[in-house]
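Worksheet: the structure to be examined is printed underneath.
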Amino acid sequence: LLSNAIKFSGQRARVDVRLSMRGEWVKVEVQDYGIGISDDFKSSIFQKFTQAEANSARKYAGTGLGLSLSKTMIEKMGGKIGFKSEEGHGSLFYLLLPLIPTPDQRNPKV
Numbered sequence: 013l014l015s016n017a018i019k020f021s022g023q024r025a026r027v028d029v030r031l032s033m034r035g036e037w038v039k040v041e042v043q044d045y046g047i048g049i050s051d052d053f054k055s056s057i058f059q060k061f062t063q064a065e066a067n068s069a070r071k072y073a074g075t076g077l078g079l080s081l082s083k084t085m086i087e088k089m090g091g092k093i094g095f096k097s098e099e100g101h102g103s104l105f106y107l108l109l110p111l112i113p114t115p116d117q118r119n120p121k122v
């Protein structure tokens, strides 16, 4: 998520990363202020080999696999991934991961 935010933001662009706790979940947000995502592309953004434009692979040196792989891995860990974006104004990607107690936390010694 971070490399995409940097890649699609251009030179000297700002990228924000935020971490927070939401009950039994950790929330990670990556926000950029770059090109954003078109409404036409939003529904397919997590599909394999999908890119917004035919020339995106050349322009941004991508395969269209990163977000698909991220979604698969996050869901296998019991998490969720999503985004909000406005074309021309950037994107906010977020993921939620469950907190998994360590063995010591599962069996505390009192």
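Numbering-wise, our numbering comes out as the position in the sequence shown, counting from 1, plus 12.
Each residue gets a CB set at the ideal place from its N, CA and C atoms; glycine is no exception.
Residue interval of the beta strand (DSSP E) (run including Lys-96): Numbered from its first residue, the sequence shown carries residue 96 at position 84. It spans 92 to 98 - the beta strand (DSSP E) in which Lys-96 sits, taken as one unbroken run.
Beta carbon of Gly-102 nearer than 7 angstroms to that of Gly-46: Counting from one through the sequence shown, the residue named residue 102 turns up at place 90. Counting from one through the sequence shown, the residue named residue 46 turns up at place 34. For Gly-102 and Gly-46, yes; Cβs fall inside 7 angstroms.
Boundaries of the alpha helix (DSSP H) in which Ala-46 is found, first to last residue: Position 34 of the sequence shown, counted from the first residue, corresponds to residue 46. The residue asked about is misnamed: residue 46 is Gly in this sequence, not Ala. Unbroken run through Gly-46: none, as it is neither H nor E.
Cβ-Cβ distance between Lys-96 and Leu-108 below 7 angstroms: To locate residue 96, count along the sequence shown from 1; it is residue 84. To locate residue 108, count along the sequence shown from 1; it is residue 96. With respect to Leu-108, Lys-96 sits apart: the two C-beta atoms are not nearer than 7 angstroms.
The segment 49 to 61 / the segment 77 to 91 touching (three or more Cβ pairs under 8 angstroms): Of all C-beta pairs linking the segment 49 to 61 to the segment 77 to 91, three or more are shorter than 8 angstroms, placing the two stretches in contact.
Integer Cβ distance of Val-38 from Leu-13, believed to fall under 8 angstroms: Locating residue 38 in the sequence shown gives position 26, where the first residue counts as 1. Locating residue 13 in the sequence shown gives position 1, where the first residue counts as 1. Contact between Val-38 and Leu-13 does not hold, since the beta-carbon distance rounds to 14 angstroms and is not under 8 angstroms.
Simplified DSSP assignment, three categories, for Ser-103: In the sequence shown, residue 103 corresponds to position 91, counting from 1. In this structure, Ser-103 counts as strand in the three-state DSSP scheme.
Pair within 7 angstroms by beta-carbon distance, Ile-5 and Val-27: Residue 5 falls outside the range modelled here, since the chain spans only 13 to 122, and no answer is possible.
Per-residue DSSP class, three states only, for Met-85: Taking the sequence shown and counting its residues from 1, the one referred to as residue 85 is at position 73. Annotated three-state conformation of Met-85 is helix, per DSSP.
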